[in-house]
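Some notes on the structure that comes next.
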Amino acid sequence: MVQSSSADITEKTSLLEAAERRLTEELSAVRASLNDLKPVSQLPTEVLEEIFGICVSWLFGHQKPKYRFAWTQVCRRWRRISLNSARLWQYIDICDSRLAHEFLVRSGTAPISIVSASPLKLCSENLESHAERLQSIDVYLFPDDMVDLFTSIGHNLSNLQSLSLKVPPVSGNFILDIHTPLTRVSSLALDCVAIPWHTVRDLMRLSLRGLGSGYSPSLSQLYTIFESSPRLEFIRIESVDITDHDIPPTMVSLPYLRDLTLSAKAPTILSILSQLSFPHTTRLHINCHTFDSLRSILPIDHFRNYTSNSEIGTIRLARCALRFLRSEATPWTIEPSDTQISLGSSSSKLPTSLLPDIQSLFELSRVTALELSQDILSEIPSNVLVSFLAQATNLEHLRVAYNDLAALLDVLSSPQPSTEPHEVSLTNTMPCPRLRTILFTRPGDIWWNFKEQWVPPLLALAKARHASEVPLEVLEFRQCHGISLQRISDLFSGLVGGVCVAENVSVGAAAVRRAVPTFMF
1 MVQSSSADIT EKTSLLEAAE RRLTEELSAV RASLNDLKPV SQLPTEVLEE IFGICVSWLF
61 GHQKPKYRFA WTQVCRRWRR ISLNSARLWQ YIDICDSRLA HEFLVRSGTA PISIVSASPL
121 KLCSENLESH AERLQSIDVY LFPDDMVDLF TSIGHNLSNL QSLSLKVPPV SGNFILDIHT
181 PLTRVSSLAL DCVAIPWHTV RDLMRLSLRG LGSGYSPSLS QLYTIFESSP RLEFIRIESV
241 DITDHDIPPT MVSLPYLRDL TLSAKAPTIL SILSQLSFPH TTRLHINCHT FDSLRSILPI
301 DHFRNYTSNS EIGTIRLARC ALRFLRSEAT PWTIEPSDTQ ISLGSSSSKL PTSLLPDIQS
361 LFELSRVTAL ELSQDILSEI PSNVLVSFLA QATNLEHLRV AYNDLAALLD VLSSPQPSTE
421 PHEVSLTNTM PCPRLRTILF TRPGDIWWNF KEQWVPPLLA LAKARHASEV PLEVLEFRQC
481 HGISLQRISD LFSGLVGGVC VAENVSVGAA AVRRAVPTFM F
């Protein structure tokens, strides 16, 4: 009886399992049919490849996805498309041995780019057979591992277009002997790594950083690279110690240069710029720890032509930075594209000769807006400020962050001898006769006690300019403590065209009360 029952159970179990398999297959077919009707299943292969490409890019971010290849497990179609698309597997992390091998196989014959997510481990096996496919190398490795990598690649770099090499700071500088000419490399970035400089030519992007004496290119070698790379669009040279400063005899022209960034000692910056010619549209970014004047880092005579043809309309002065901004720049902009020239110092402040140097570099009558960052006025002698504003004859907009305004308001209220050549020398005119608007405080700042300290001298300024028939059109107050629209409008009624109180700051339970921008004529 027990044996018969056991046989029955076995038979029933087999029947049920067969039914389960049949139903599972039917359910799978139904689900597949439902999935086929969904919009995502109707996407063309090209669109899916673009989506999968985004998924692949996540593998190289700082935060790795938990399920790195989940999209290949969604359905047969997605898996087939992803595995058959060679371009999805072109970026290969050589620090992950398993994935590196899989990516090399799946990439087929497509061009490949190798990267390293970490300098702690390296897998460079089998790269020599794929060297001809190498299009880009971007690695962060210890020197010995970098040497092993290029040894495994061999000498065939004929299709390499982009090369970026970086070693950890603890490794110091080292020279990587690449004897193969980098004939097709158009983008070169080296961080604490030197290569034979004669192999470098025909670049479009050049970035050199952290190269000390004995590793950095000489000035003549650097100019040879410039001369052999007339299509250069981007140059970044930071913390590069160029010991020789013999200025090349001939000018080198880079007509396509868009961005030039230099961060080095003053003699190095001056030497690099002395014989370099580039368009007036080139954005120039300079950082120098310390320098005596603009003349110690800029070839003033050479740069006059550059600045005279540029679209500079705004100057921003700060204690550690100087910005020449393009005419269309919005107030207090931080957009890099708005900056034509930026000059920064990592020391506490810029030299006191800055403003006179600006006058020799740039025609101040072209300036229509002046921005004064926090505490900059305390660094400018009053006689220098007088001379500077006297030259800014077409200044229309003045924007001032938190500062001691005494000297500025006094200068703008006091007629000065005319600087125009056709005027009689005894004629006194008000500085900045075209000045229309003054804006106090930049976005995000609060100017405490503004009313008590600066409304009286500001009222005197408005009266003086009104009496001289060069009245202000707009006074704008942003986050200025004690300023209310009604009171300030009553004070300046008939003296200025209008008053704008963009934000109202009060003291008490509501420490800061933001108001809708309001304007009153």
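Taking UniProt numbering, the leading residue of the sequence shown gets 1, the next gets one more, and so forth. Ideal placement from N, C-alpha and C gives every residue a C-beta, glycine not left out.
| query | result |
| --- | --- |
| Sheet register partners of D138 (DSSP bridge) | V115, S164 |
| Contact under 9 Å by Cβ, S373 with A318 | yes |
| Residues bridged to S263 (per DSSP) | E238, N287 |
| Rounded straight-line distance, which links the Cα of A19 to that of D8 | 16 Å |
| Unbroken alpha helix (DSSP H) run spanning T307, endpoints | 300-308 |
| Three-state class that DSSP yields for F150 in the structure shown | helix |
| One or two residues paired with W447 in a DSSP bridge | C480 |
| A329: CB within 8 Å of a non-hydrogen atom of the ligand ATP | The ligand ATP is not part of this structure, which contains no ligands at all. |
| Close Cβ partners of Q221 (< 6 Å) along its chain, the five nearest in sequence each way excluded | W197 |
| Paired residues, beta bridge with S277 - DSSP | S253 |
| Beta-carbon contacts of S378 that lie in its chain and below 8 Å, excluding the five residues immediately before and after | N403, D404 |
| Under 9 Å between C-beta atoms of S360 and L273 | no |
| Residues near E391 by beta carbon distance below 8 Å, same chain, minus five either side | A small fix is needed here, since residue 391 is Gln in this sequence, not Glu. Q359, L364, S365, T419. |
| Nearest candidate by alpha-carbon position, reference S207, set I237, S228, I81, R184 | I237 |
| Same chain, Cβ closer than 8 Å to E132, five either side skipped, listed in chain order | N156, S158, N159 |
| Rounded C-alpha distance that separates A401 from V252 | 41 Å |
| Straight-line gap, V501 to D259 (C-alpha atoms, nearest Å) | 38 Å |
| Assigned secondary structure, P417 (DSSP; H/G/I helix, E/B strand, else coil) | strand |
| Whole runs of the alpha helix (DSSP H) within the stretch 303-375, excluding any shorter than 4 residues | 354-361 |
| Proximity of R434 and V411 at Cβ, strictly below 9 Å | no |
| Chain-order list of residues whose beta-carbon lies under 6 Å from that of F362 (same chain, five-residue window excluded) | T307 |
| E25 versus A32: straight-line alpha-carbon distance, rounded | 10 Å |
| S217 burial status per 10 Å Cβ neighbour count (16 or more: buried) | In the sequence under discussion, the amino acid at residue 217 is Pro, which differs from the Ser named in the question. Counting Cβ neighbours within 10 Å, P217 comes out buried, since at least 16 surround it. |
| For Y256, the nearest candidate out of I297, L232, L262, K265 (CA to CA) | L232 |
| Distance between S468 and L458 (C-alpha atoms, nearest Å) | 15 Å |
| CB of D292 within 9 Å of CB of S353, strictly | yes |
| Terminal residues of the beta strand (DSSP E) in which D93 lies | 91-93 |
| Sub-9 Å separation of P267 and S296 beta-carbons | yes |
| Presumed contact (8 Å Cβ cut-off) between S152 and E128, rounded CB distance | 6 Å |
| Boundaries of the alpha helix (DSSP H) in which F492 is found, first to last residue | 485-492 |
| Three or more C-beta pairs below 8 Å linking the stretch 93-107 and the stretch 74-81 | no |
| Cutoff 6 Å; reference D138; Cβ partners in own chain excluding five residues on either side | V115, S164 |
| C-beta atoms of S229 and V193 nearer than 9 Å | no |
| Contact set for residue 526: own chain, Cβ-Cβ below 8 Å, skip 5 residues either direction | The structure shown does not extend to residue 526, since the chain is modelled only from 1 through 521, so no value can be given for it. |
| Residues that DSSP places opposite V400 in a beta bridge | L372, F440 |
| Where S85 sits in the DSSP three-state scheme | coil |
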